[in-house]
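Worksheet for the structure shown next.
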Amino acid sequence: MQQGVQSSKMATTSYGDYDAWQRHALITVDDGTIAVQLHALTSSINIEGGERDIDTIPLFNLGQVVKHGPAGMVTVTFEGYALAAGTNSAGTATGFWDIFAEKPAKDSNDGVGGTQIIISTTRTRYRVAMLWTNDGDATAGTTAVTAGTAYAGIRFLFADCFCTSHTVDFTDGVLKTTITFKGPAIDKAAAGNVKWESVLKATNTALAAPAGYSPGSTKF
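What the sequence shown shows, in the working numbering, is residues 567 to 786, in sequence order.
Right, here's the structure in full:
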């Protein structure tokens, strides 16, 4: 590959590809039909939960038996700055409310001018994907990372979760939204809903894009 071509795909040091992943991330939220990209609106990511907690049962000989609890719930929280109530179509998101109210791009189907999104009783299952990479061709949380020793990436995937919270504040003069996705770490068939995957620059292997999401069926 020519040096000029390669440099167009290489990340700047803002991506932190040598010491730590910094500043830049790609976020995709997918309901199995429509995928929206949240990174142009989002300034903060927090992933919590999935604990594998334990307890103990005391014995009369003063010993203890370890009791394993179920894997805890996983919570993913984004803070961001919405420009609209929702998003008109798949692609770059302009708002968060539609994701919480029912589904992504809900306002394009409301028949009320694309400006009014009313919360419904529908609870939509989502897959949240986040990608940190120095591959400049990556545009979504689900994008593959190019093979070659120049590129690296790490991806988080959380399948079959729900958007459980949408809060808005204007306390500092900037309209900020916080949305939360929540779901079990493991499903009823004892299959995991959470996946981390990565590829290092030292290898020549691509980080493949995950399969298309199908709620309750194809997770990754």
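A virtual CB, placed ideally from N, CA and C, is assigned to each residue, including glycine.
{"Check": "Pull up the DSSP beta-bridge partners for I720, would you.", "Outcome": "W698 and S764"}
{"Check": "Report the partner residues of S592 according to the DSSP bridge assignment.", "Outcome": "Looking at the sequence itself, residue 592 is Leu, so the reference to Ser does not match. BP columns for L592 point to L697."}
{"Check": "I think V760 touches L773, with their Cβ atoms under 8 Å apart; what is that distance to the nearest whole Å?", "Outcome": "Not confirmed; about 17 Å, so no contact."}
{"Check": "Helix, strand or coil: which one does DSSP assign to F798?", "Outcome": "With the chain running from 567 to 786 in the structure shown, residue 798 is simply not present."}
{"Check": "Cβ atoms of K748 and C727: under 8 Å apart, would you say?", "Outcome": "yes"}
{"Check": "For T622, which residues of its own chain have a beta-carbon under 7 Å away from its beta-carbon, when the five flanking residues on both sides are left out?", "Outcome": "Q630, V631, V632 and K633"}
{"Check": "Quick check on F747: does DSSP put it in helix, strand or coil?", "Outcome": "strand"}
{"Check": "Taking all protein chains shown into account, do 16 or more other C-beta atoms lie within 10 angstroms of the C-beta of Q588, making it buried, or fewer, making it exposed?", "Outcome": "exposed"}
{"Check": "Quick check: what's the CA-CA separation for L610 versus T743?", "Outcome": "Correcting the residue type first, residue 610 is Ser in the shown sequence and not Leu. Looking at the two C-alpha atoms, the distance is approximately 11 Å."}
{"Check": "Based on the DSSP output, what are the partners of A601 in its beta bridges?", "Outcome": "D596"}
{"Check": "Would you mind working out which of K669, T737 and L741 sits nearest Y647, comparing C-alpha positions?", "Outcome": "L741"}
{"Check": "Looking at the unbroken beta strand (DSSP E) that takes in D621, where does it start and where does it end?", "Outcome": "I620 to P624"}
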